[in-house]
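These protein sequences, in sequence, are chains A, B and C.
If you count the first sequence from 1, you need to add 13 to reach this note's numbering.
If you count the second sequence from 1, you need to add 1 to reach this note's numbering.
If you count the third sequence from 1, you need to add 9 to reach this note's numbering.
Structure, as structure tokens:
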Amino acid sequence: MDYFLTEEQQMIRDTAREIAEKKIVPARAEMDAKGIFPTEILKVCAESDLFGLYIPEEYGGFGGGIFENVIAIEELSKACIGVSVSFAGSGLGAYPILISGSEEQKKKFLPQIASGEQIAAFGLTEANAGSDAGGTQTTAKLDGNEYVLNGTKQWITNGGEAGIYTVIAMTNKARGSRGASAFIVEKGTPGFSFGKKEDKMGIRASATRELIFEDCRIPKENLIGKEGMGFLVAMKTLDKSRPGIAAQGVGLAQGALDESVKYARKRVQFGKPVIAFQAVQHMLADMAVQTEAARALTYAVSKFIDSAPKDISKASAFSKLYSSDVAMKVTVDAVQVFGGYGYMKEYPVEKMMRDAKILQIYEGTNQIQRNVIGQALIKEYAKRGK
Amino acid sequence: MGLLIDKEQCTMCEACLSSCPFGSLEVRDEAIYATESCTLCGACIDACPMDAISIEGGREVEEDSFADYKGILIFGEQRQGKVASVVYELLGEGRKLADQLGEELSVVLLGAGLEEEAKKLIHGSADKVYLYDDTNLEKFHDDVFTEVIANLVHEVKPSIMLCGATAIGRSFFPILAGKLKTGLTADCTELAIDKKEGYILQTRPAFGGNIMATIICPYTRPQMATIRAKVFKPAPLDIHHKGEVITKSFDSTKIKSRYVIQQVVETVEETANIADADIIVSGGRGVGGPEGFKLIEELALAIGGAVGASRAAVDAGWIKYPHQVGQTGKTVCPKLYIACGISGAIQHLAGMQSADVIVAINKDKDAPIFDVATYGIVGEVDEIIPLLIKKLKKG
Amino acid sequence: MKIVVCIKEVPATTKVKINPETNTLMREGVESIINPYDVYALEEGVCVKERLGGGSVVALSMGPPQVERSLKEAISLGADEAILLSDRAFAGSDTLATSYTLAMALDKIGDVGLVICGKQAIDGDTAQVGPEMSEKLDIPFVACVRKILEITEEKAIVERMTDDGYDVIELPLPAVITVVKDINTPRIAGLKGKMRAKKARITVWTATDINADEERIGLTGSTTKVTKVFAPQPRGLGMMLEGSPEEIIDSLYDHLKSGHVI
Numbered sequence: 014m015d016y017f018l019t020e021e022q023q024m025i026r027d028t029a030r031e032i033a034e035k036k037i038v039p040a041r042a043e044m045d046a047k048g049i050f051p052t053e054i055l056k057v058c059a060e061s062d063l064f065g066l067y068i069p070e071e072y073g074g075f076g077g078g079i080f081e082n083v084i085a086i087e088e089l090s091k092a093c094i095g096v097s098v099s100f101a102g103s104g105l106g107a108y109p110i111l112i113s114g115s116e117e118q119k120k121k122f123l124p125q126i127a128s129g130e131q132i133a134a135f136g137l138t139e140a141n142a143g144s145d146a147g148g149t150q151t152t153a154k155l156d157g158n159e160y161v162l163n164g165t166k167q168w169i170t171n172g173g174e175a176g177i178y179t180v181i182a183m184t185n186k187a188r189g190s191r192g193a194s195a196f197i198v199e200k201g202t203p204g205f206s207f208g209k210k211e212d213k214m215g216i217r218a219s220a221t222r223e224l225i226f227e228d229c230r231i232p233k234e235n236l237i238g239k240e241g242m243g244f245l246v247a248m249k250t251l252d253k254s255r256p257g258i259a260a261q262g263v264g265l266a267q268g269a270l271d272e273s274v275k276y277a278r279k280r281v282q283f284g285k286p287v288i289a290f291q292a293v294q295h296m297l298a299d300m301a302v303q304t305e306a307a308r309a310l311t312y313a314v315s316k317f318i319d320s321a322p323k324d325i326s327k328a329s330a331f332s333k334l335y336s337s338d339v340a341m342k343v344t345v346d347a348v349q350v351f352g353g354y355g356y357m358k359e360y361p362v363e364k365m366m367r368d369a370k371i372l373q374i375y376e377g378t379n380q381i382q383r384n385v386i387g388q389a390l391i392k393e394y395a396k397r398g399k
Numbered sequence: 002m003g004l005l006i007d008k009e010q011c012t013m014c015e016a017c018l019s020s021c022p023f024g025s026l027e028v029r030d031e032a033i034y035a036t037e038s039c040t041l042c043g044a045c046i047d048a049c050p051m052d053a054i055s056i057e058g059g060r061e062v063e064e065d066s067f068a069d070y071k072g073i074l075i076f077g078e079q080r081q082g083k084v085a086s087v088v089y090e091l092l093g094e095g096r097k098l099a100d101q102l103g104e105e106l107s108v109v110l111l112g113a114g115l116e117e118e119a120k121k122l123i124h125g126s127a128d129k130v131y132l133y134d135d136t137n138l139e140k141f142h143d144d145v146f147t148e149v150i151a152n153l154v155h156e157v158k159p160s161i162m163l164c165g166a167t168a169i170g171r172s173f174f175p176i177l178a179g180k181l182k183t184g185l186t187a188d189c190t191e192l193a194i195d196k197k198e199g200y201i202l203q204t205r206p207a208f209g210g211n212i213m214a215t216i217i218c219p220y221t222r223p224q225m226a227t228i229r230a231k232v233f234k235p236a237p238l239d240i241h242h243k244g245e246v247i248t249k250s251f252d253s254t255k256i257k258s259r260y261v262i263q264q265v266v267e268t269v270e271e272t273a274n275i276a277d278a279d280i281i282v283s284g285g286r287g288v289g290g291p292e293g294f295k296l297i298e299e300l301a302l303a304i305g306g307a308v309g310a311s312r313a314a315v316d317a318g319w320i321k322y323p324h325q326v327g328q329t330g331k332t333v334c335p336k337l338y339i340a341c342g343i344s345g346a347i348q349h350l351a352g353m354q355s356a357d358v359i360v361a362i363n364k365d366k367d368a369p370i371f372d373v374a375t376y377g378i379v380g381e382v383d384e385i386i387p388l389l390i391k392k393l394k395k396g
Numbered sequence: 010m011k012i013v014v015c016i017k018e019v020p021a022t023t024k025v026k027i028n029p030e031t032n033t034l035m036r037e038g039v040e041s042i043i044n045p046y047d048v049y050a051l052e053e054g055v056c057v058k059e060r061l062g063g064g065s066v067v068a069l070s071m072g073p074p075q076v077e078r079s080l081k082e083a084i085s086l087g088a089d090e091a092i093l094l095s096d097r098a099f100a101g102s103d104t105l106a107t108s109y110t111l112a113m114a115l116d117k118i119g120d121v122g123l124v125i126c127g128k129q130a131i132d133g134d135t136a137q138v139g140p141e142m143s144e145k146l147d148i149p150f151v152a153c154v155r156k157i158l159e160i161t162e163e164k165a166i167v168e169r170m171t172d173d174g175y176d177v178i179e180l181p182l183p184a185v186i187t188v189v190k191d192i193n194t195p196r197i198a199g200l201k202g203k204m205r206a207k208k209a210r211i212t213v214w215t216a217t218d219i220n221a222d223e224e225r226i227g228l229t230g231s232t233t234k235v236t237k238v239f240a241p242q243p244r245g246l247g248m249m250l251e252g253s254p255e256e257i258i259d260s261l262y263d264h265l266k267s268g269h270v271i
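Structure representation (structure tokens):
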């Protein structure tokens with residue numbers, strides 16, 4: 014369907030599509046099998062000016078919004094969401110600075126991220142704190158002009174590969190989630206190291222590692238916003254980044270649909286291509302409708318967020334929840350359309366199915382998304398009742 | 002000047018519309034017009050069943066000036082002092098053409114220490130060999146070769162000049178054509194004489210081998226062509242064939258190259274030497290990956306052949322470019338060509354379909370490779386090849 | 010250094026086929042693209058400029074007005090400016106007339122240090138325009154360059170692919186070279202390049218602008234003529250070997266043996 018993209022938005026789509034087709038598709042199977050981080054591909058993304066789509070021009074970006082970023086993420090995701098999460102993860106790391114950073118912080122860090130010279134990462138999750146940010150155990154203590162960080166972040170996308178990390182740590186444990194603060198930590202800071210790379214079910218090209226802080230001293234100026242704002246910064250960041258996950262779902266579903274139709278046209282059984290059988294046609298039809306619906310919702314939500322409304326949590330959760338469920342369903346069906354071949358690594362759909370699962374889990378499980386939506390409904394209807 | 006469409010003759014069948022490679026014909030007000038993008042390639046002229054299309058303009062033939070031009074002159078390419086096999090192929094075909102025309106067949110040979118080779122060319126049916134024996138000509142320099150041969154052309158005035166479409170031929174023959182301000186047809190696969198006009202009809206593949214075009218050079222002389230290697234059968238050697246080796250010289254102080262060849266490096270590995278191999282085992286996308294090529298190599302070793310590859314396999318990085326067979330790779334003409342997991346894209350067929358015997362192994366029974374195969378086997382490459390290797394070893 | 014890259018717009022030829030029954034071309038859905046080899050030439054031009062730390066890359070093409078689109082693409086891929094030679098008088102040019110026309114344009118551009126062309130164009134596959142152009146310009150020519158080892162304003166050291174390997178050549182500049190695909194990996198046009206291309210204006214020169222002799226351009230300047238276009242001969246039918254894999258192999262072996270193929 015035509016979404017009436019502007020000329021600039023079409024350029025973004027075409028550029029990302031070319032990278033996906035020329036660089037990612039030929040490399041994805043090997044990156045998946047061996048868990049190779051897509052350093053070269055991200056370099057091409059950087060050279061093609063894709064890293065700064067959502068960053069204002071004054072900080073070296075393209076001056077677009079969430080929607081522009083979503084277009085790029087969707088295209089990369091058609092080929093491999095292990096690559097697109099590494100790309101999008103940089104945005105996730107940059108949003109805290111963009112949303113609540115000081116002018117100095119923006120000037121110092123955003124141009125490096127926009128150019129792709131450095132990629133960024135966001136550190137929230139810990140062993141005992143994921144969606145429940147109140148359980149955060151990493152601490153930051155002010156000591157003179159420096160904060161001293163201690164603790165371990167877990168399952169951090171781009172961990173070890175990124176140069177700039179935005180990290181949530183407790184400055185006042187007694188206050189629970191209101192005692193959390195956000196910090197910028199640069200790779201190479203003494204006391205900051207990484208755990209081993211996780212061995213994952215899917216998105217195996219992406220790097221997932223622990224961030225380990227042992228008396229890691231960072232300048233006081235690296236505090237984002239004020240002390241105690243950390244949890245708020247984190248929530249606002251996730252509200253903005255969720256359409257990116259939704260875009261991964263849309264792209265992945267589209268990629269799986271494309272492979273399925275292509276295969277169904279070629280595969281001959283009982284004397285005709287299997288696409289001639291209604292049983293297969295109906296599956297493909299459902300896959301196509303669901304993918305398109307996910308795309309329409311994701312685009313609408315992204316444009317809504319770009320219009321800078323006050324409350325975006327519910328809409329943001331809509332897109333992430335729906336698109337990731339669609340991606341899971343469509344990829345499972347894609348394997349079914351391929352039959353036995355779909356189960357083999359010779360074809361890309363089994364990887365797509367393995368990859369899809371993470372979309373229902375990370376950046377808030379789909380159960381948490383439903384909580385967000387449910388709570389928003391309670392608030393909304395309570396207000397109306399007044 | 003331009004494309005003329007005779008409205009009286011035209012029946013609006015629109016056959017020309019689909020024939021245009023550039024999409025330059027359009028229907029307007031119940032007539033057909035050529036748009037600005039028309040290159041006057043002439044494809045529509047052949048397509049028109051009513052002969053309603055013609056090209057107006059072009060130059061006039063000054064036939065009188067051609068009277069002096071006679072005979073066929075072949076460029077005798079040599080590398081490291083040995084005449085390339087394509088030269089004998091050109092002699093084989095050139096002999097037939099020269100006999101039809103009733104004219105002489107000669108070779109121009111440049112290099113050092115080539116007297117024996119020159120004599121052998123006479124045995125290969127040349128009537129004359131112009132031999133420039135000079136150490137300055139040992140290595141190939143475009144500009145020197147161009148100058149020396151241009152001078153000879155002015156002197157002996159051949160009507161037709163042929164050269165192998167090798168790296169050397171394709172490099173300097175165009176410069177020579179430019180210098181002589183005459184037409185050159187590249188990469189021909191078929192030659193014939195138009196008996197009425199006396200032209201040489203040069204046929205070559207275009208558009209990636211998807212179409213063939215016959216080209217003439219009606220206005221200027223000599224008529225020049227480069228010819229693909231392995232297309233024609235080499236001339237048989239006949240020690241009784243009589244001919245003359247004419248020793249020529251040039252002024253090496255005046256004709257000098259503007260560039261310096263610092264080093265000549267031979268790199269092609271044994272199994273990559275597909276151009277001259279009698280047996281080629283080739284792999285395509287269907288072999289599955291670089292590991293699959295180990296199997297291909299094993300079969301090549303067992304059967305005593307070279308390893309070839311389709312463009313898909315080379316593009317995928319499974320094997321290096323020197324192994325590539327096809328339109329953008331090498332044209333080969335072995336006695337036996339075994340295509341393993343190659344679907345048979347037209348570009349690939351263009352490079353190998355003149356092989357004497359083609360064996361195709363592919364899991365897709367509808368693969369186009371089977372259309373050209375002498376023996377077709379539907380099956381998995383990694384099942385069939387090990388069996389064949391075993392059989393070959395056992396005998 | 011001023012570097013000129015010659016670009017040809019071609020139909021994506023792998024899709025052009027002949028209908029064997031009607032003997033006509035079938036070009037449905039075939040789009041026009043920059044000749045793939047020329048993309049490598051352009052990339053090399055941009056690389057040379059980057060290596061030398063200055064200069065400019067000019068993309069030069071001859072063709073109908075719509076070729077502007079391909080030249081804009083060339084700008085998005087790193088060319089600094091683009092010139093299109095477009096004139097009805099150029100129509101029907103063969104390689105000799107084309108190379109004359111391009112050479113006249115190069116004269117007008119002036120002070121060119123290096124001319125880079127793709128090895129050949131995928132529609133005609135002639136590989137003639139580069140060398141013929143060098144003759145008209147009276148400067149050295151090296152075909153099938155797979156690597157530029159060194160380059161200064163005065164000379165280049167290049168590797169030329171040969172049938173047996175490669176030659177290392179010291180080449181005084183200005184010169185014309187053609188490049189093969191091994192030479193580089195063309196970049197993907199980024200957003201900044203695409204924005205620049207969108208705003209760029211393509212210079213258009215006619216036959217008069219380049220002082221071309223009308224006897225040497227277009228159909229009049231062409232020395233060759235296409236007299237016939239037809240589909241390649243399909244090969245005669247062979248036989249499919251059937252049975253168990255072992256039976257197939259035995260049968261194949263017997264056939265090859267009895268035919269003196271092995």
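We treat Cβ as the ideally placed atom computed from N, Cα and C, and that holds for glycine.
The Cβ atoms of T149 (chain A) and A140 (chain A) lie no closer than 7 Å to each other. E168 (chain C) and A136 (chain C) have their C-alpha atoms spaced approximately 18 Å apart.
Counting other Cβ atoms within 10 Å of its Cβ, R41 (chain A) reaches 16 or more and is therefore classed as buried.
A straight-line Cα-Cα distance of about 5 Å links I197 (chain A) and T179 (chain A). A distance of 7 Å or more separates the beta carbons of V83 (chain A) and I197 (chain C). In this structure, DSSP gives R222 (chain A) an extended state, which the three-state scheme calls strand. For D239 (chain B), the secondary structure class from DSSP, reduced to helix, strand or coil, is coil.
Taking CB atoms only, R60 (chain B) has a neighbour in chain C less than 7 Å away.
At the C-beta level, K364 (chain B) and E384 (chain B) stay beyond 7 Å of one another. Residue-level contact check: G199 (chain C) touches chain A, since one or more beta carbons of chain A fall below 7 Å from its beta carbon. A direct Cα-Cα distance of roughly 53 Å separates G129 (chain A) from L337 (chain B).
Per the coordinates, the alpha-carbon of I92 (chain C) lies some 21 Å from the alpha-carbon of T36 (chain B).
Beyond the five residues adjoining it in sequence on each side, L63 (chain A) comes within less than 6 Å, by CB distance, of A85 in the same chain, given in chain order. In this structure, the straight-line span from the alpha carbon of T170 (chain A) to that of S219 (chain A) is close to 7 Å.
Residues V48, Y49, L51, E52 and L86 of the same chain have their beta carbon placed closer than 8 Å to that of P195 (chain C), with the five preceding and five following residues left out of the count. Apart from the 5 residues on each side of it in sequence, P140 (chain C) sits with its Cβ closer than 6 Å to the Cβ of F150 in its chain, given in chain order. For Q203 (chain B), the uninterrupted beta strand (DSSP E) segment begins and ends at I201 to A207. Per DSSP, M353 (chain B) has no beta-bridge partner at all. Between the stretch 120-131 of chain C and the stretch 99-109 of chain C there are fewer than three C-beta pairs closer than 8 Å, too few to call the two in contact. Within the stretch 63-99 of chain B, the runs of beta strand (DSSP E) that reach at least 3 residues and sit entirely inside it are, in chain order, 73-77. For F351 (chain A), the three-state secondary structure derived from DSSP is helix.
Between the stretch 111-125 of chain A and the stretch 350-360 of chain A, the count of C-beta pairs closer than 8 Å stays below three; the two stretches do not touch. When 8 Å is used as the limit between beta carbons, P181 (chain C) is near these residues of chain B: R259 and Y260, in chain order.
Distance from the CA of C153 (chain C) to the CA of A134 (chain A), rounded to the nearest whole angstrom, comes to 45 Å. For the stretch 200-211 of chain C, the residues whose beta carbon sits under 9 Å from a beta carbon of chain A are, in order, L200, K201, G202, K203, M204 and K207.
Looking from the CA of N384 (chain A), the closest CA among A:F331, A:L372, A:D27 and A:E359 belongs to A:F331.
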